[in-house]
Amino acid sequence: MEVTININGQQVSRDVEPRTLLVHFIRETPGLTGTHWGCDTSNCGACVVTMDGKAVKSCTMLAAMAAGHEIRTVESLEKNGQLDPVQQGFHEKHALQCGFCTPGMLMTARALLDENPNPTEAEIRTAISGGICRCTGYKNIVAAIQWAAEHPAGERQEVQA
Amino acid sequence: MTIIENLPSPQTERPIGFGRLKRKEDARFIRGKGNYLDDIRLPGMVYGAMLRSPYAHAKIVSIDTSRALAHPGVAAVVTAKDLETLGLAWMPTISYDTQAVLAGDKVRFQGQEVAFVIATDEYTANDATALIDVEYEPLPAVVNARKALDPDAPLIRDDKAGQRDNLASPTWEAGDEESTDKAFAEADTIVSRDIIYPRCHPAPLETCGMIADFNPETGQLDIYNGNQAPHAHRTVYAHVAGLAEHMIRIRTGDIGGGFGNKVPVYPGYVCAIAGSIVAGVPVKWVENRSENLMSTGFARDYVMRAEMCSKDGKVTGLRVDVIADHGAFDSTAQPTKFPAGFFHIVCGSYDLEASYVKVKAVYTNKAPGGVAYRCSFRITEAVYLVERMVDALALEMKTDPIELRMKSFIKPEQFPYETTTGWTYDSGNYAETMKVAMDIAGYEELRREQAEKRARGELMGIGVSFFTEGVGAGPRKHMDILGLAMNDGADLRVHPSGKAVVSISAQTQGQGHETTFAQIVAEELGIPPEDVQVRHGDTDRSPYGLGTYGSRSTPVSGAAVAVVSRKVRDKARQIAATMLETRAEDLAWEKGRWYVKGDPEKGVLIEEIAQYAYSGDTMPEGMEGGLDAQVIYDPPNLTYPYGAYIAVVDVDPDTAQVKVRRFIAVDDCGVRINPMVVEGQIHGGLAEGIGIALMELISFDEEGNCLNSSFMDYLIPTALECPDFELGDTETPCPHHPLGAKGVGESPNVGSPPAIVNAVIDALHETHGVDHIDMPCTPARVWAAMQGRPEPPQ
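Note that the protein sequences, when read in sequence, are chains A and B.
Numbering-wise, the first sequence is residues 0 to 160 according to numbering that gives the first Met the number 0.
Numbering-wise, the second sequence is residues 0 to 793 according to numbering that gives the first Met the number 0.
This is how it looks when you write it as structure tokens:
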């Protein structure tokens with residue numbers, strides 16, 4: 000079946016099997032491999048993207064279910080060379096190590112802050128509890144999201160290898 | 000630009016290397032531009048999928064692949080028969096056993112590899128596995144390690160000539176039985192416990208997988224595979240596949256966590272390689288989460304019986320008898336001479352009179368493994384045991400668990416300290432570190448709070464552990480893996496502009512080597528860390544070495560980088576002497592600059608020296624041009640980081656849910672190169688320790704069905720189960736490491752489970768008489784213990 004999804008502002012079309020998962024569509028069709036797959040059971044959150052502004056797990060949706068909706072992935076966060084505050088916060092607060100959960104955590108954080116710009120620690124922990132990070136113990140992820148909340152426009156934008 | 004929070008050196012205004020430097024690797028990860036295995040797509044690539052056994056133990060009567068082969072898009076179906084013709088049906092394990100790549104005679108654990116389908120895409124390959132018809136004849140399964148040696152236990156490894164029972168390796172001993180008997184005979188107090196460290200799994204968020212790309216024209220095999228020891232893997236593939244080692248190139252890309260799970264070679268890898276050799280196109284295989292949990296390297300599974308004794312208020316002796324459950328194939332990851340790894344560090348942080356340890360290993364119808372899940376070769380099991388036993392002894396003696404530890408610690412003046420099982424601890428001041436933890440926790444106040452809560456019927460527990468780890472394996476005179484010395488190489492090239500590339504054999508899986516190893520070069524050469532590129536993860540572009548596990552990166556590879564930097568600095572000194580027309584011994588070093596002693600204005604910067612080294616100017620007599628060096632570092636000893644951990648838990652009296660309310664971790668890992676990275680590692684290890692203590696378990700029913708084969712059942716802590724960790728530190732440098740560093744990555748995973756379990760028992764002992772519970776402390780198991788019927792994990 001032909002599926003057309005708005006991904007990061009671009010209309011992306013492809014003829015896919017009806018069973019194609021959204022995560023696979025995103026990774027394969029526009030080749031946006033920042034969205035990761037980590038489990039099969041909707042537990043790990045590595046695949047989180049936003050659909051119409053809400054965080055969703057793209058491994059638990061069929062691509063066809065996203066047709067006609069606006070999907071945003073981690074690749075959309077940086078705009079015109081300006082990092083999103085959540086990206087900056089993760090760097091500032093050392094909220095990532097292996098980086099595999101990071102895209103899902105970033106998109107979860109973005110969706111949270113869009114809805115609740117000043118979340119409490121408990122609200123942050125609840126928001127990211129749909130994701131698993133094996134490296135950080137979450138402490139610095141919480142701190143990073145707090146940083147982003149405190150710096151809504153971002154401060155420094157220079158994160159270079 | 001990155002910021003260094005250290006003050007610049009006033010003399011040269013140069014950044015110094017060590018400090019809270021933010022990570023270089025973040026730049027790609029926060030943009031979703033990491034390059035993990037599954038992100039790689041090669042032209043013409045086909046996809047593999049594995050058919051796995053539904054039975055724990057069964058004869059294979061027949062395998063019919065015809066329906067799968069007829070499925071559109073399927074290119075090949077590989078079975079044991081096909082591999083036999085290539086000589087690849089069996090492969091060696093890290094522990095000198097053999098493991099079936101694909102089962103031909105029978106299956107020996109649920110999830111074992113039976114057939115490998117190659118197809119045009121992943122969906123098709125997986126569909127086709129369901130079209131393979133395998134007829135099995137089920138056999139009784141051995142699931143319980145204690146019953147594996149029963150006379151009527153079914154024989155699992157009938158493939159091994161001469162194997163008549165399920166003994167995987169004979170009894171291995173450490174310490175001294177006679178002097179231990181004497182210590183027990185003279186003791187005031189003796190306690191004993193049966194303690195299980197249950198099977199759990201590292202479960203990195205990225206599962207295991209490989210792309211094998213064999214080029215029939217050139218004979219070159221390109222492998223893309225996130226593994227923790229690429230050089231060792233290349234050597235293994237050369238042996239297994241009979242390929243020339245120099246024609247194999249392994250690139251790891253970015254690795255989404257390892258934690259020991261990405262140390263072994265798995266059957267799927269061999270199948271991908273065989274598939275690519277036969278098909279002549281790249282073959283990609285990526286396991287799913289269930290495959291990861293059911294078939295790849297598990298951790299622990301030690302069934303232990305221990306006795307500990309004391310005299311005059313001090314711990315004096317320890318006796319331990321262990322049955323190690325290796326599963327169907329012995330693929331435990333240990334140095335060759337240590338079949339139980341470093342378990343004999345079980346004498347812990349205490350000045351014992353004697354100890355005696357026995358370990359024997361058995362086969363069961365469970366997945367093979369025994370990898371070190373964020374652990375240095377069975378030290379996690381050892382620390383758990385000794386720290387549980389000290390608490391059991393304190394309970395029996397009616398003394399405070401910290402007081403008993405304080406009285407029994409090895410004292411600072413006793414270092415280097417030879418343990419009763421043969422380790423030589425390098426340095427330590429244990430009591431000081433314990434005191435720092437008590438201060439952060441407010442230990443006395445916590446005890447008061449506990450008493451008040453108890454009076455109100457609330458269940459609060461305070462648990463302590465104190466660990467000493469031996470990491471950084473290891474000296475070549477003492478240890479190897481598969482005959483390979485456990486050394487690491489480093490190759491440093493300073494370019495004419497003074498910017499440098501350092502190539503290392505350690506392999507990051509998130510530890511931040513690209514940052515911290517650049518900081519080491521920066522510290523040693525006085526150039527900014529952003530001017531140092533760390534190259535790793537490619538066997539063609541890095542020196543040989545054994546990789547990253549057992550907290551060995553900083554102790555071994557970090558030392559190699561420090562030593563190679565000093566070699567370059569020494570070469571720079573000779574060149575500087577020529578440039579300054581003086582003698583090398585008349586020069587002194589400050590960060591980034593050699594200058595004339597007594598005339599500090601007269602000197603040359605490392606960039607100037609580098610430029611000179613590549614120029615047409617005259618080099619010192621007998622010296623080649625350029626500014627580079629290489630080393631292979633052989634550590635003289637392990638390093639021995641240690642730490643004091645305190646857990647505060649609340650147990651819900653009605654639901655038996657355990658909540659870790661506070662966790663205090665004071666680590667002494669010697670000198671910290673990047674304290675931010677060190678603290679991040681500690682946070683992550685503590686979360687995994689909480690998982691192991693409370694949630695993470697791989698269990699089986701009586702027929703050998705794995706009951707925890709997805710993240711629905713294998714529970715990993717989220718942000719809601721982890722408290723806001725409270726860290727502290729002391730710094731006792733390692734005397735033999737060039738930087739004084741000791742390694743830290745695994746310490747929190749090693750030290751935290753006993754603190755949490757001790758806290759749970761502390762919460763329940765007075766009110767419910769609980770004096771032992773096995774992990775994981777799930778509500779059901781804690782509830783059972785509260786009712787006076789503790790249950791061992793399945």
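All C-beta atoms, glycine included, are put in the ideal place defined by N, C-alpha and C.
Return yes when the Cβ of G347(B) is within less than 9 Å of the Cβ of V385(B), no when it is not.
Counting from one through the second sequence, the residue named residue 385(B) turns up at place 386. Counting from one through the second sequence, the residue named residue 347(B) turns up at place 348. Against a cut-off of 9 Å, the Cβ pair of G347(B) and V385(B) comes out as a contact.
Could you compute how far the alpha carbon of M478(B) sits from the alpha carbon of G744(B)?
Locating residue 478(B) in the second sequence gives position 479, where the first residue counts as 1. Locating residue 744(B) in the second sequence gives position 745, where the first residue counts as 1. Their backbone Cα atoms lie some 21 Å apart in a straight line.
Do Q227(B) and G255(B) have their C-beta atoms closer together than 9 Å?
Indexing the second sequence from 1 puts residue 227(B) at position 228. Indexing the second sequence from 1 puts residue 255(B) at position 256. No, Cβ-Cβ distance for Q227(B) and G255(B) is not below 9 Å.
Which stretch, first to last residue, makes up the beta strand (DSSP E) that contains Q532(B)?
The residue labelled residue 532(B) in the question sits at position 533 within the second sequence. Its beta strand (DSSP E) spans residues 531-534.
Cβ atoms of A758(B) and A646(B): under 9 Å apart, would you say?
Taking the first residue of the second sequence as position 1, residue 646(B) is located at position 647. Taking the first residue of the second sequence as position 1, residue 758(B) is located at position 759. Taking 9 Å as the Cβ cut-off, A646(B) and A758(B) qualify as a contacting pair.
For chain B, is any of its Cβ atoms less than 9 Å away from the one on T19(A)?
Taking the first residue of the first sequence as position 1, residue 19(A) is located at position 20. So yes, T19(A) belongs to the interface.
Would you mind reading off the limits of the beta strand (DSSP E) that contains E134(B)?
Taking the second sequence and counting its residues from 1, the one referred to as residue 134(B) is at position 135. DSSP places E134(B) inside the beta strand (DSSP E), whose first and last residues are 132-137.
Let me check understanding here. Comparing Cα to Cα, which of G326(B), V262(B), E177(B) lies closest to N165(B)?
In the second sequence, counting from the first residue as 1, residue 165(B) sits at position 166. Answer by Cα proximity: G326(B).
If you reduce the DSSP assignment to three classes, tell me which class S309(B) lands in.
Mapped onto the second sequence, residue 309(B) falls at position 310. DSSP, read as helix, strand or coil, puts S309(B) in strand.
Could you spell out where the alpha helix (DSSP H) holding F376(B) opens and where it closes?
Here residue 376(B) is taken as the residue at index 377 of the second sequence, counted from 1. Neither: F376(B) is in no alpha helix (DSSP H) and is coded neither H nor E.
Identity of the residues DSSP links to A48(B) by a beta bridge:
Within the second sequence, residue 48(B) is the residue found at index 49, counting from 1. DSSP lists V116(B) as partners of A48(B).
Would you call H238(B) buried or exposed, if buried means 16 or more other Cβ atoms sit within 10 Å of its Cβ?
On the second sequence, residue 238(B) is found 239 positions in, with the first residue counted as 1. With fewer than 16 other Cβ atoms within 10 Å, it is exposed.
Starting from E209(A), find everything on chain B with Cβ-Cβ shorter than 9 Å and list it in chain order.
Residue 209(A) is absent from the structure shown; chain A starts at 0 and stops at 160.
Given this structure, state the Cα-to-Cα distance separating V463(B) from R71(A), to the nearest angstrom.
Numbered from its first residue, the second sequence carries residue 463(B) at position 464. Numbered from its first residue, the first sequence carries residue 71(A) at position 72. C-alpha separation (whole angstroms): 46 Å.
Which residues of the segment 723-742 of chain B have a Cβ closer than 8 Å to any Cβ of chain A? Give them in chain order.
D723, F724
Which residue or residues does DSSP assign as beta-bridge partners of A587(B)?
What you label residue 587(B) is simply residue 588 of the second sequence in a count that begins at 1. Y594(B), per the DSSP bridge assignment.
What does K78(A) pair with, by DSSP beta-bridge criteria?
Residue 78(A) sits at position 79 when you count from the first residue of the first sequence. Bridge partners of K78(A): Q81(A).
Neighbour flag for N117(A) against chain B, beta carbons, 9 Å:
For the purposes of this step, residue 117(A) is identified with residue 118 of the first sequence, where counting begins at 1. Chain B, which has no Cβ nearer than 9 Å to the Cβ of N117(A), makes this no.
On the DSSP bridge list, what partners appear for M303(B)?
In the second sequence, the residue the question calls residue 303(B) occupies position 304. Partner(s): I194(B), V321(B).
Work out the CA separation of W782(B) and D712(B) for me, nearest whole Å.
In the second sequence, residue 712(B) corresponds to position 713, counting from 1. In the second sequence, residue 782(B) corresponds to position 783, counting from 1. Cα-Cα distance, rounded: 19 Å.
Can you tell which of A436(B), I195(B), C776(B), K21(B) has the C-alpha that lies nearest to the C-alpha of L714(B)?
For the purposes of this step, residue 714(B) is taken as residue 715 along the second sequence, with counting starting at 1. L714(B) has its Cα closest to that of C776(B), out of A436(B), I195(B), C776(B), K21(B).
Flag T11(B) as yes if its beta-carbon sits less than 9 Å from any beta-carbon of chain A, otherwise no.
To locate residue 11(B), count along the second sequence from 1; it is residue 12. Because the pLDDT at T11(B) is just 45, under 50, the model does not fix this residue reliably, and the value given afterwards should be weighed accordingly. No, no contact with chain A.
Would you mind listing the alpha helix (DSSP H) stretches within the segment 570-652 of chain B that are 4+ residues and don't spill past its ends, in chain order?
605-613
Proximal residues of chain A, C-beta to C-beta of E695(B) below 9 Å
Working through the second sequence from its first residue, we reach residue 695(B) at position 696. None at all; the shortest Cβ gap to chain A is about 11 Å.
Go ahead and label L706(B) buried or exposed: buried means 16 or more other beta carbons lie within 10 angstroms of its beta carbon, across all protein chains shown.
Locating residue 706(B) in the second sequence gives position 707, counting from the first residue. Result: exposed.
So the candidates are T135(A), L61(A), E69(A), P102(A); which of them puts its Cα closest to the Cα of E16(A)?
On the first sequence, position 17 is the one that residue 16(A) refers to. Taking only the C-alpha atoms, the option nearest E16(A) is L61(A).
At which residues does the beta strand (DSSP E) containing G174(B) begin and terminate?
The residue you call residue 174(B) lines up with position 175 of the second sequence. Element bounds for G174(B): 166-174.
Could you compute how far the alpha carbon of V356(B) sits from the alpha carbon of V389(B)?
Within the second sequence, the letter at position 357 stands for residue 356(B). Within the second sequence, the letter at position 390 stands for residue 389(B). Taking the straight line joining both Cα atoms gives about 16 Å.
Listed by chain order, chain A residues near P203(B) by CB distance under 7 Å
Within the second sequence, the letter at position 204 stands for residue 203(B). Per Cβ cutoff of 7 Å: R133.
Determine the chain B residues that contact K56(A) at a beta-carbon separation under 8 Å, and present them in chain order.
Position 57 of the first sequence, counted from the first residue, corresponds to residue 56(A). Those within 8 Å of K56(A) in chain B number zero; the least Cβ separation is about 12 Å.
What residues of chain A sit near Q109(B), judged by a beta carbon separation below 9 Å?
Indexing the second sequence from 1 puts residue 109(B) at position 110. Chain A residues near Q109(B): none, gap ~17 Å exceeds 9 Å.
Would you kindly report the start and end of the unbroken beta strand (DSSP E) that includes T49(A)?
Locating residue 49(A) in the first sequence gives position 50, counting from the first residue. It spans 47-50 - the beta strand (DSSP E) in which T49(A) sits, taken as one unbroken run.
Taking Cβ positions only, does A147(A) come closer than 9 Å to chain B?
Counting from 1 along the first sequence, the entry for residue 147(A) is found at position 148. With 9 Å as the cut-off, A147(A) does not count as an interface residue toward chain B.
Could you tell me which chain B residues have their CB closer than 8 Å to the CB of G80(A), listed as they occur along the chain?
The residue you call residue 80(A) lines up with position 81 of the first sequence. Neighbours of G80(A) on chain B: none; closest Cβ ~11 Å, over 8 Å.
Please list, in chain order, the residues of the segment 119-133 of chain B that have any C-beta partner in chain A closer than 9 Å.
E121, Y122
State yes or no: is the C-beta of V282(B) within less than 9 Å of the C-beta of I401(B)?
As a first step, residue 282(B) must be located in the second sequence, where it is residue number 283. As a first step, residue 401(B) must be located in the second sequence, where it is residue number 402. The answer is no: Cβ separation not under 9 Å.
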